[in-house]
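Residue 70 in UniProt numbering sits at position 70 of the sequence shown, with consecutive numbering throughout. Glycine residues also receive a C-beta, built at the ideal position from the N, C-alpha and C atoms. For clarity, every value in this text was computed on a predicted model and none was experimentally measured.
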Amino acid sequence: MKERQVLFLKEVVWMNIKLVSAEANVSADTIRYYERIGLIPPVQRNENGVRIFDDEDLRWITFSRQMRKAGLSIESLIEYLSLFREGDDTAPARVELLKEQRNELQDRIDMMQSALDRLDFKIDNYASHMIPAEKKLRDF
Numbered sequence: 001m002k003e004r005q006v007l008f009l010k011e012v013v014w015m016n017i018k019l020v021s022a023e024a025n026v027s028a029d030t031i032r033y034y035e036r037i038g039l040i041p042p043v044q045r046n047e048n049g050v051r052i053f054d055d056e057d058l059r060w061i062t063f064s065r066q067m068r069k070a071g072l073s074i075e076s077l078i079e080y081l082s083l084f085r086e087g088d089d090t091a092p093a094r095v096e097l098l099k100e101q102r103n104e105l106q107d108r109i110d111m112m113q114s115a116l117d118r119l120d121f122k123i124d125n126y127a128s129h130m131i132p133a134e135k136k137l138r139d140f
């Protein structure tokens with residue numbers, strides 16, 4: 001009996017930049033910029049030269065946006081993409097890059113928490129410290 005091989009093909013759904021922009025909540029200009037500077041892989045184009053995006057492109061755009069919102073620099077994201085393109089052997093380097101970025105983000109969070117704590121203290125103690133001081137200034 002002859003063995004049969006079954007090949008499952010993924011149906012590709014193509015999207016234009018307007019749809020991808022809405023789906024990823026990123027402006028079309030930002031998507032074009034991301035592609036131009038190498039922050040996302042090159043996007044395919046149709047016979048008229050119009051960009052056409054698939055699900056993988058959308059995932060890269062969404063990933064890039066999320067990482068930018070987390071504070072990763074464009075340079076770090078470009079480095080990450082470059083490592084990704086080199087293959088699975090670069091996974092440890094990619095993880096290390098993300099860990100470094102996480103540490104930097106944690107440092108920024110700690111600084112912001114400290115600033116928030118100072119503001120909360122001032123707000124909580126406003127009546128007992130600031131109002132009497134302001135009253136003295138008015139009475140002067």
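As computed with DSSP, Met15 is found in a beta bridge with Phe53. Separation of the CB atoms of Asp55 and Val26 is rounded to 15 Å, and the pair is thereby denied contact status at 8 Å. The shortest C-alpha to C-alpha distance from Ile40 to any of Glu23, Ile61 and Ile131 is the one to Ile61.
According to the DSSP secondary-structure assignment, Arg45 is paired through a beta bridge with Arg51. Between the segment 112-120 and the segment 90-98, the count of C-beta pairs closer than 8 Å stays below three; the two stretches do not touch.
Between Ile31 and Val20, the CB-CB gap stays under 8 Å.
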